[in-house]
Amino acid sequence: MVNKYLFLAFSALWALFFLYSWSLSRRQSNLRKELEDLKGKAGKGLIAR
Amino acid sequence: MSKTLSFNAHLLVTLVWVVVALGMVFLYAPQEATMGEVQRIFYIHVSSAWTAFVAYFLVFLGSVGYLWKHSPEADDLAQAAGEVGFVFCSAVLVTGPLWAKPVWGIWWTWDARLTLTFVLWLLFVSYLMLRSYVSSPGRTGALAAIVGIIGFVDVPIDYMAIRWWRTQHPQPVIAGGESSGLDPRMWVTLLVTWGAFLCLFSYLLRQRMWLAEARRELSALRRALGIRPSED
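Chains as they are written, first to last, in numbering that gives the first Met the number 0: chain Z, 0 to 48; chain X, 0 to 231.
Printed below as a string of structure tokens:
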């Protein structure tokens, strides 16, 4: 049987990396969306210069 | 090669390397005589610690670069390395107690090595908090760079702590004198695992730098179009 501390250490490590990757990818996707919105507004002439 | 393809190739290499490293940790590295199975935490614990040291070195380099040349790219590097380094330093603080409990009988003790690693983690936290709470772009970079440079002093002291002081943390098994040493198979496994962690670190660093660069470009675009962030 796998030692419980060993199991917990490896699980916690990969959970940590996974959570960070997910947070990074979410921020990137929000930024892309923001950029698209801005381009859309600029294209429609909604931005006051 | 486009940036997306380059990111995907980097991710693929990282995943393959991580799988090889895990295979070596569980199938190739011999079981340690005294601690048994739980000693295998060593490979991820030490690799995370060394990667966190590399991260803080990059924070230091980026900070010096920003103060010296006022280069936004250097600031992006410092910011990205600070954030990804924080993740690896957290991994050290999570895996350490999970190894300490079955071996020492305690989760934590305030000895020099453990305390200095905790201080390093707090430095990463304060660096990131400073970046979030100071809103003026030029000031944020300069203040964060000063914290990044001063904080780097902790890295060599933390590394040398187990050589300078008698600590609960084991004395060095690598480059620690005549009585230290690792089985060659453990050595190879450690180096392969550290390589996998560095590959993962560099992948996350590149992704985080892309984010910083894109944010900077978005702000410049907003300014050029005459809109403020709250107007979107």
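Note that the Cβ used here is the ideal one computed from N, Cα and C, for glycine as well. Computed from a predicted structure; not experimentally measured.
Using a threshold of 7 Å, state whether the C-beta atoms of residue i and residue j are closer than that.
i, j, result
"L217/X", "L15/Z", "no"
"A211/X", "Q78/X", "yes"
"G95/X", "L76/X", "no"
"M185/X", "A48/X", "no"
"Y202/X", "H44/X", "no"
"L115/X", "D182/X", "no"
"F196/X", "T3/X", "no"
"L12/Z", "L97/X", "no"
"A223/X", "A160/X", "no"
"L189/X", "T13/X", "no"
"F151/X", "F85/X", "no"
If I measure Cβ to Cβ from residue i and keep anything under 6 Å in the same chain, skipping five residues before and after, which residues do I get?
i, result
"G42/Z", "none"
"T192/X", "A20, Y42 and S46"
"G64/X", "S70 and A73"
"P101/X", "V37"
"V154/X", "F52 and Y55"
"V15/X", "none"
With DSSP collapsed to three states, give me the class of residue i.
i, result
"G39/Z", "helix"
"G35/X", "strand"
"H69/X", "coil"
"Q78/X", "helix"
"D153/X", "helix"
"G180/X", "coil"
"I145/X", "helix"
"I105/X", "coil"
"S46/X", "helix"
"R233/X", "Residue 233/X lies beyond the stretch modelled for chain X, which goes from 0 to 231, so this question has no answer here."
"S28/Z", "helix"
"R214/X", "helix"
"I40/X", "helix"
"I226/X", "coil"
"R162/X", "helix"
"Q206/X", "helix"
"N7/X", "helix"
"A28/X", "coil"
"S1/X", "coil"
"V118/X", "helix"
"P96/X", "helix"
"S112/Z", "Chain Z is shown from 0 up to 48; residue 112/Z falls before or after that span and cannot be answered."
"V133/X", "coil"
Might you give, ordered along the chain, the residues of its own chain that have their beta carbon closer than 7 Å to the beta carbon of residue i, omitting 5 neighbours on each side?
i, result
"V133/X", "T139 and L142"
"E82/X", "L127 and R207"
Which residues in the same chain have their Cβ closer than 8 Å to the Cβ of residue i, if we skip the five residues on either side of it in sequence?
i, result
"G194/X", "W16 and A20"
**Study point:** Against chain Z: residues of the segment 65-96 of chain X by CB proximity under 8 Å
**Key:** Cβ contacts with chain Z come from V83, V86, S89, A90, V93 and T94.
Practice item. Identify each residue in the segment 29-62 of chain X for which the Cβ-Cβ distance to at least one residue of chain Z is less than 8 Å, and report them in chain order. Key: The residues in question are G35, E36, V37, R39, I40, I43, H44 and S47.
Check your understanding: Would the segment 139-155 of chain X and the segment 41-56 of chain X be scored as touching if the rule is three or more Cβ pairs under 8 Å?
Key -> The answer is yes - the segment 41-56 of chain X touches the segment 139-155 of chain X, with three or more Cβ pairs under 8 Å.
Practice item. Check distances from the C-beta atoms of the segment 211-230 of chain X to those of chain Z and list, in chain order, the residues that come in under 9 Å. Key: So the close ones are A213, R214, E216, L217, L220, R221, L224, G225, I226 and E230.
Check your understanding: Counting pairs of beta carbons, one from the segment 203-211 of chain X and one from the segment 35-43 of chain X, are three or more of them closer than 8 Å?
Key -> As far as the Cβ criterion goes, the segment 203-211 of chain X does not touch the segment 35-43 of chain X, which means the pair count is below three.
Point to revise | Cβ contact (3+ pairs, closer than 8 Å) linking the segment 82-90 of chain X and the segment 106-126 of chain X | key: They touch, by the three-pair rule.
**Study point:** Near-chain X residues of the segment 20-41 of chain Z - C-beta to any C-beta below 9 Å
**Key:** If the cut-off is 9 Å between Cβ atoms, the segment 20-41 of chain Z has S20, L23, S24, R26, Q27, L30, R31, E33, L34, D36, L37, K38, K40 and A41 near chain X.
Exercise for review: Using a Cβ-Cβ cut-off of less than 8 Å, list which residues of the segment 187-213 of chain X approach chain Z; keep chain order.
Suggested key: Within the segment 187-213 of chain X, the residues whose Cβ lies closer than 8 Å to any Cβ of chain Z are, in chain order, L199, L203, Q206, R207, W209, L210 and A213.
Review point. Between the segment 5-19 of chain Z and chain X, which residues of the former have a C-beta closer than 8 Å to a C-beta of the latter?
Key: Correct list: L5, L7, A8, F9, A11, L12, L15, F16 and Y19.
Practice item. May I ask you to list, following chain order, the residues of the segment 96-108 of chain X that have a beta carbon less than 7 Å from some beta carbon of chain Z? Key: Taking a C-beta cut-off of 7 Å against chain Z, the contacting residues of the segment 96-108 of chain X are L97, W98, K100 and P101, listed in chain order.
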